[in-house]
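Here the structure comes first, spelled out in structure tokens, and everything after it is commentary.
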Amino acid sequence: SAVISQKPSRDICQRGTSLTIQCQVDSQVTMMFWYRQQPGQSLTLIATANQGSEATYESGFVIDKFPISRPNLTFSTLTVSNMSPEDSSIYLCSVDLQRGSSAFFGQGTRLTVV
Amino acid sequence: AQTVTQSQPEMSVQEAETVTLSCTYDTSENNYYLFWYKQPPSRQMILVIRQEAYKQQNATENRFSVNFQKAAKSFSLKISDSQLGDTAMYFCAFMKGGGGADGLTFGKGTHLIIQP
Chain A
33 SAVISQKPSR DICQRGTSLT IQCQVDSQVT MMFWYRQQPG QSLTLIATAN QGSEATYESG
93 FVIDKFPISR PNLTFSTLTV SNMSPEDSSI YLCSVDLQRG SSAFFGQGTR LTVV
Chain B
-19 AQTVTQSQPE MSVQEAETVT LSCTYDTSEN NYYLFWYKQP PSRQMILVIR QEAYKQQNAT
41 ENRFSVNFQK AAKSFSLKIS DSQLGDTAMY FCAFMKGGGG ADGLTFGKGT HLIIQP
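These protein sequences, in sequence, are chains A and B.
Basically my numbering = 1-based index in the first sequence + 32.
The second sequence: position 73 = 53 (my numbering), numbered continuously.
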């Protein structure tokens, strides 16, 4: 299994500002994934972060809005830039230890933009 | 692209009853994995059960079992002897197999309420 520490657990931010979310894993993993869960909705994949290369973004998500860093095999950050109230969501990071085994999730960051 | 459909937004049953949550999916892939995740109010995503598409035998984990119908692209979750702690959102999810780097595709979820 994997233990994922995600920080902050929640934050309230002013519109127009940026927030960086951190995700730390207790083991080395190749791929890390970032998801968004809008209020009352399901999880939607934002991007896949592979150490040593640019993140791969899903349709509807762009690097300027959600820049991702992946400096090593145990850590990643997601920044939500120039926030608006529509960005109010839960953001979760996730890892696969082995393809198809299971995805392990951080506890999520509840972001409220006012 | 894959799609996952959960047609039951909310279900409510009495404690100790058996409940079945439905999930259908659409894919052109032959190699894939299916999952059920539970999300309680703490918002932590917890794996309930997983199924490998190439395995015909339905997965079972204690009180949780699935009915995997590959031809029908159906993947329902049965919870036996339901408990109050089973109250949560349940998400059905799909993952492509092979050596790719794809994440999970989730259904919209079913809010399961276990009544005392």
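Heads up, the beta-carbon is just placed ideally off N, CA and C, and yes, glycines get one too.
- Ser2 of chain B places its beta carbon less than 8 Å from that of Ser56 of chain B.
- With at least 16 other beta carbons inside 10 angstroms of its own, Gly138 of chain A counts as buried.
- Judged by DSSP in its simplified three-state form, Leu75 of chain A adopts strand.
- Chain A has a Cβ within less than 8 Å of the Cβ of Phe71 of chain B.
- Taking 8 Å as the threshold, the shortest C-beta distance from Phe55 of chain B to chain A does not fall below it.
- For Gly140 of chain A, the closest Cβ of chain B is nearer than 8 Å.
- Contact annotation: Gln38 of chain A and Gln54 of chain A have beta-carbon atoms nearer than 8 Å.
- Judged by beta-carbon spacing, Gly89 of chain B lies within the 8 Å limit of Ser74 of chain A, meaning their Cβ atoms are closer than that value.
- Residues of chain A with a Cβ closer than 7 Å to the Cβ of Tyr13 of chain B are, in chain order, Gly132.
- Nearest neighbour of Ser33 of chain A by Cα position, chosen from B:Gln63, B:Asn11, B:Thr40 and B:Leu27, turns out to be B:Leu27.
- In this chain, the beta strand (DSSP E) harbouring Leu110 of chain A covers Phe107 to Val112.
- For Asp128 of chain A, the uninterrupted beta strand (DSSP E) segment begins and ends at Ser121 to Asp128.
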